[in-house]
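Peer 1: Numbering (the numbering used here), first residue to last: 2 to 174.
The structure follows.
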Amino acid sequence: MKNNLQDDSQFQKDVDNNTLPAVSFVKPDEIHDGHPASSSLSIFENYSKDIVNKVKSNPKVFKDTAIFITFDEGGGYYDSGYIQPLTFFGDGPRIPLMLVSPYAKHGYVDHTYNDHVSLLKFIESNWRLHTLSSRSLDNLPNPRASEHDPYKPTNGPSIGNLMEMFNFHHDRD
């Protein structure tokens, strides 16, 4: 399992050689991570842009790729959105998540209650995998919301699987 952890240079080689695994996580180092104490948002944005441009530069790789860009927490930025009481510790404030993919719905803003667990739920849903365990948060149902309040699930606690962000059924631009 330790051999599965690679650095940025291996990611770059995998893109160049059309050998990206089905799922890759790219974690920026402290200088590029966008945290207020050690980095800046503009540095993180440029790092993310470089990764997207690298993948898009290889059409064979990009044609079947979904790139999710997110933060690992709110980073001290305040958000007044609804926070679900998922566990004893609760959930955190909303954070940005952006999808870059030929399958992404163009100009779409998803109001589904998602969480970092949503990335795992997407992987499980896309590849028809089982949940991690019988008590892990990826077992929570996908949210249903009212038109009146699209942010607050009516069937909470629940976490989305990010599938609403995709259009798998129509020709891509």
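All C-beta atoms in this analysis are idealised placements derived from N, C-alpha and C, irrespective of residue type, glycine included.
Write down the C-beta distance between THR71 and LEU98 rounded to the nearest angstrom, noting that I regard them as a contact closer than 8 angstroms.
Peer 2: As a first step, residue 71 is located in the sequence shown; it is residue number 70 there, counting from the start. As a first step, residue 98 is located in the sequence shown; it is residue number 97 there, counting from the start. With 8 angstroms as the limit, THR71 and LEU98 qualify as a contact, their Cβ atoms being about 4 angstroms apart.
Peer 1: Applying the 10 Å Cβ sphere with the 16-neighbour rule, what's the burial state of TYR114?
Peer 2: Here the question's residue 114 lines up with position 113 in the sequence shown. TYR114 comes out buried.
Peer 1: Classify PHE69 as helix, strand or coil using the three-state DSSP reduction.
Peer 2: For the purposes of this step, residue 69 is identified with residue 68 of the sequence shown, where counting begins at 1. Here PHE69 sits in strand by DSSP.
Peer 1: Which residues in the same chain have their Cβ closer than 8 angstroms to the Cβ of TYR152, if we skip the five residues on either side of it in sequence?
Peer 2: In the sequence shown, residue 152 corresponds to position 151, counting from 1. Closer than 8 angstroms at Cβ, skipping near neighbours: GLY82, TYR83, HIS112, TYR114, ALA146.
Peer 1: Buried or exposed, going by whether 16 or more other CB atoms sit within 10 Å of the CB of MET211?
Peer 2: Residue 211 is absent from the structure shown; the chain starts at 2 and stops at 174.
Peer 1: Between PHE167 and TYR104, how many whole angstroms is the CB-CB distance? I'm expecting something under 8 angstroms.
Peer 2: Residue mapping note: residue 167 aligns to position 166 of the sequence shown, counting from 1. Residue mapping note: residue 104 aligns to position 103 of the sequence shown, counting from 1. 5 angstroms between Cβ atoms; contact.
Peer 1: With the cut-off set at 7 angstroms, would you say ASN156 and SER126 are in Cβ contact?
Peer 2: If you number the sequence shown from 1, residue 156 lands on position 155. If you number the sequence shown from 1, residue 126 lands on position 125. Cβ distance not < 7 angstroms, so ASN156 and SER126 don't count as in contact.
Peer 1: Name, in chain order, the residues that DSSP records as bridge partners for VAL101.
Peer 2: What you label residue 101 is simply residue 100 of the sequence shown in a count that begins at 1. Answer is ILE68.
Peer 1: Which same chain residues end up closer than 7 angstroms to ASP15 when comparing Cβ atoms and leaving out the 5 residues on each side of it in sequence?
Peer 2: Residue mapping note: residue 15 aligns to position 14 of the sequence shown, counting from 1. So the qualifying residues of the chain are LEU21.
Peer 1: The alpha helix (DSSP H) that contains SER58, what's its start and end?
Peer 2: Residue numbering aside, residue 58 sits at position 57 when the sequence shown is read from its first letter. Run containing SER58: none; DSSP gives neither H nor E here.
Peer 1: Taking only the alpha-carbon atoms, compute the straight-line gap between ASN59 and PHE12 and give it to the nearest angstrom.
Peer 2: Counting from 1 along the sequence shown, the entry for residue 59 is found at position 58. Counting from 1 along the sequence shown, the entry for residue 12 is found at position 11. Cα to Cα, the separation comes out at about 13 angstroms.
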